[in-house]
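Residue numbering for the sequence shown follows the working numbering, beginning at 474 and increasing consecutively.
For glycine and all other residues, C-beta sits at the position ideal for the given N, C-alpha and C.
The structure appears below as structure tokens.
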Amino acid sequence: MTRPSGISGWLKLVLPWLLFVALLLLPVTSPSDNVIRLLFLTAVYTTAGLGWNLLGGMTGQVSFGFAVFFGLGSYTTALLMHAGHSPYFGFIGGAAIAMLASFFIGLPTFRLRGPYFVIATIGVTEAVRVIMNNLEITGGASGYRIMEDKPFNPLEHYYTAIIAVALAVLVSAIIANSKFGLALRAIKQDQDAAADLGVNPYTTKLWVHAIAAGLTGIAGGIYARRAGFFYPGDVFAFQTGIYILLMPVIGGIGTIWGPVLGGIIFVIVEEQISVNFPNFHLLIYGLLLIIIILLEPDGLLGLLRRLFRLFPSQQAKTKLAGIPAKE
């Protein structure tokens, strides 16, 4: 096993474990209810962001339509709980319905490329929102309320969301280090060249779209259970799709830890923007997206990589000095 070298190598190995342990032990410090709420939202949107990153980051298919899967996960979980099932069964059901919907959406839209695909995902989201607004079984525009027999337990919701993030990270890592992940990166670089090498771009995108939708559906179900009440204009909103997209863009698109870093920063910033600029928050998000893409398209992780290059490892220093490195 190769030992990590340099500051960046050790940080990459140690920081994720330290972060995970810190999140597990945080409730012991008796933080305020607002802190737990913010961390819960961070975990929920980070899970969805990691799902989006499989399609938009690793495959290069930029979608603004992941609010569809978030909303379907929310409503499926709510309906299954109303039927007497466990909320955890509801999360699985939400993932399954979101994955099924992803095939129906992907079959026509993946025949499109570039801006045409982006526009199609926006249109699908708006169409689903209008449909849900007029469905009686889901309460229509009036919304849907989840009733649980047991008392509200914020820590249970918090730990459920943390486990969902861990699951999303694990799935992302497995895919990134597999032949399937290699096929995704090939499609991102050049879809036609990937096809010449034996990759079926259409089928591959359909499957990664389904996996991404499943993770987003789980996130939607977890969100809905804690919220207790939600409506189509909330979970199917265009801004929900923007939230999901912004996290990988801020942290580092196409990476595993980028959406996690972006999620932590985004929820904190979003809270302040929504409070101080309630009428202009979508405009601010759009400007933030443009600025990041223009100035640092690789996100915060890309910026950190450049900073760490200023501090080369001891092994690199010895090579530059012509001194053999110790084994």
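The alpha-carbon separation between T611 and F542 amounts to approximately 16 Å. For the region 630–679, there is no continuous beta strand (DSSP E) assignment of 3+ residues that stays within its boundaries. Under the three-pair Cβ rule at 8 Å, the region 568–583 does not count as touching the region 714–731. If you keep only unbroken beta strand (DSSP E) runs of at least 3 residues inside the region 683–765, you get nothing at all. For A656, the closest alpha carbon among the candidates K678, S645, V642, F703 is that of K678.
In the structure shown, R618 falls within a strand segment according to DSSP collapsed to helix, strand and coil.
Taking the Cα positions, T633 is about 20 Å away from R618.
DSSP places T611 outside both helix and strand once states are collapsed to three, so it counts as coil. Comparing alpha carbon positions, the residue from S547, A516, F537 closest to F702 is S547. Under a 10 Å Cβ-count criterion, P504 is classified as exposed, with fewer than 16 other Cβ atoms of the shown protein chains found around its own Cβ. Its chain contains F542, A571, M572, S575 as the residues whose beta carbon lies nearer than 6 Å to that of A686, once the 5 sequence neighbours on both sides are disregarded; these appear in chain order. H555 sits in a helix when the DSSP states are folded into three classes. S547 carries a helical assignment under DSSP once its states are collapsed to helix, strand and coil. Going by beta carbons, G772 and I723 fall inside the 7 Å limit. The C-alpha of F583 is placed about 7 Å away from the C-alpha of Y675.
If you compare the alpha carbons of R602, G654, G735 with that of Y704, the shortest gap goes to R602. If only complete runs of 4 or more residues are kept, the region 502–540 shows the alpha helix (DSSP H) at 506–525, in order along the chain. L545 and G735 do not touch by the CB rule: their CB atoms are close to 24 Å apart, not below 8 Å.
Its Cα nearest to that of T549, the residue G690 stands out among G690, V591, I726.
In this structure the region 591–600 lies against the region 530–540, because at least three pairs of beta carbons, one per stretch, are closer than 8 Å. Nearest in C-alpha terms to R779, of all of F750, G725, V501, G759, is G725.
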